[in-house]
Amino acid sequence: MPIPARALAVTLAAGALLALPGLWAGARAEPPSSEAIVEAFEAVLGPIRANRPSHAKGTCAAGHFTATPEGTRLSVAPVFNGQRVATIIRFGVGVGNPAGPDTGRTTRSLSIRFETPSGDTWDMANISAPIFGSPTPEALVAGLLARRPDPATGQPNPQAVAAFVAANPATTLQGRWLAATLLPASWATTPYWGVNAFRFQGTDGQVRHARWSFEPAAGTQRLTEEETRTKPANFLADELRQRVAQAPVEFDMVLQFAAPGDDVTNPTIAWPDDRPRAVVGRLAVTEVAPGPGGACDPISFLQLDMAPGVTYSDDPTLQARTGAYAVSLSRRLQ
776 MPIPARALAV
786 TLAAGALLAL
796 PGLWAGARAE
806 PPSSEAIVEA
816 FEAVLGPIRA
826 NRPSHAKGTC
836 AAGHFTATPE
846 GTRLSVAPVF
856 NGQRVATIIR
866 FGVGVGNPAG
876 PDTGRTTRSL
886 SIRFETPSGD
896 TWDMANISAP
906 IFGSPTPEAL
916 VAGLLARRPD
926 PATGQPNPQA
936 VAAFVAANPA
946 TTLQGRWLAA
956 TLLPASWATT
966 PYWGVNAFRF
976 QGTDGQVRHA
986 RWSFEPAAGT
996 QRLTEEETRT
1006 KPANFLADEL
1016 RQRVAQAPVE
1026 FDMVLQFAAP
1036 GDDVTNPTIA
1046 WPDDRPRAVV
1056 GRLAVTEVAP
1066 GPGGACDPIS
1076 FLQLDMAPGV
1086 TYSDDPTLQA
1096 RTGAYAVSLS
1106 RRLQ
């Protein structure tokens, strides 16, 4: 199933915010500024003043997180000390328009703010695909600009898109995965991946590169093509509210650890399934906002106050995220 051009542009950046022909060929250049990243989104979507550029449609929720003993062992971060940690949560749909349908071939998202009793904060953005849509911030910006609508037609130039894709095959991997995977039946029954590598320091002093996922306690459930066609445009939020009214929705946080030779800087490459894993905590969703808006709206999900227990890796898309998120938020709050 083809992905519409604007949805594909958003999918390229799903779960993160992160143009020039030379960049397409892999030429090294200065990384794009935070402003340039946001302006590339605006070149495709128009001015971003009221909504997030990626996953503009979303629903706020709240709950708590509790680390397992294994989580406490593998990270000295405050969020893994075994106490119950309050969370502000946002479930999203990878569309550029908050009125978009829930049935598009794009990612779903789970964004979380952890707030420890002592005031430490950790924000994260996770998507319903195991890989990101771009290997570098440069490729992200170039891919967005290649999909700018032509003023005469309102559509991207197909030659420009084809040239970009031919020079950047890694940017097609997430779209291929989405096209081959049935859509989530619920925000509560899809796994979410962090896609970027982080550094975790354990109680033994060892620092390990890891990626995480959130595995639904209810199991993974997906819609058939026929079921998808019968779903209303806003079914995800309604279904989640009904589900949480009966019982908390829970996810296990699972770390996957890199082995020697695994690429810890390219989020378009998934690590092999045989890499060591550990369940480090459980997230419980206990409340869902009754309608649009809520505590999650003014949060960009970009803070990480967990050093030395959890810190950024050298992944350039991860490094670019913080500044771009801040620029996007400042424009929305003007």
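In this text, residue positions in the sequence shown follow the numbering used here: the first is 776, and each later residue adds one.
Think of the CB as a built atom: it goes at the ideal place given N, C-alpha and C, for glycine as much as any other residue.
(request) Measure the C-alpha to C-alpha separation of Pro-1027 and Phe-989 and round it to an integer number of angstroms. (result) As written in the sequence, residue 1027 is Asp, which differs from the Pro given in the question. Asp-1027 and Phe-989: Cα-Cα distance of roughly 5 Å.
(message) In this structure, how does DSSP classify Gln-1017 when only helix, strand and coil are distinguished?
(response) helix
(message) Helix, strand or coil for Glu-817? Go by DSSP, reduced to three states.
(response) Helix.
(message) Does Pro-910 pass the burial test, meaning 16 or more other C-beta atoms within 10 Å, or should it be called exposed?
(response) Of the residues assessed, Pro-910 falls on the buried side of the cut-off, its CB having 16 or more other CB atoms within 10 angstroms.
(message) Among the candidates Gln-949, Asn-826, Gly-879 and Asp-1013, whose CA atom is the shortest distance from the CA of Glu-1062?
(response) Asp-1013
(message) Among the candidates Pro-844, Phe-840 and Tyr-1087, whose CA atom is the shortest distance from the CA of Ala-1053?
(response) Pro-844
(request) Please look up how many angstroms separate the CB atoms of Asp-895 and Ile-1074, rounded, as I've assumed it's under 8 Å. (result) Actually they do not touch by this definition, with Cβ atoms about 15 Å apart.
(message) Looking only at its chain, what residues have a beta carbon closer than 6 Å to the beta carbon of Gln-858, apart from the 5 residues adjacent to it on each side?
(response) So no residue of the chain qualifies.
(message) By the DSSP assignment, the alpha helix (DSSP H) with Ser-1105 in it spans what residues?
(response) 1091 to 1107
(message) Suppose contacts are defined by Cβ-Cβ distances below 9 Å. Is Tyr-1087 in contact with Gln-1094 by that definition?
(response) Tyr-1087 is a Cβ neighbour of Gln-1094, given a cutoff of 9 Å.
(request) Can you check the stretch 906 to 989 for any beta strand (DSSP E) of at least 3 residues that lies completely inside it and give the ranges in chain order? (result) 973 to 976
(message) Please report the straight-line C-alpha distance between Ile-864 and Ala-836, rounded to a whole angstrom.
(response) 5 Å
(request) Report the rounded CA-to-CA distance for Arg-951 versus Pro-1042, giving the unit in angstroms. (result) Straight-line Cα distance between these residues: approximately 15 Å.
(request) Classify Glu-814 as buried or exposed, calling it buried when 16 or more other Cβ atoms lie within 10 Å of its own Cβ. (result) buried
(message) Under 8 Å: do the stretch 815 to 828 and the stretch 942 to 951 share three or more Cβ pairs, one atom per stretch?
(response) No, the stretch 815 to 828 is not in contact with the stretch 942 to 951.
(message) Given a cut-off of 9 Å on the beta-carbon distance, is the pair Pro-912 and Arg-922 in contact?
(response) no
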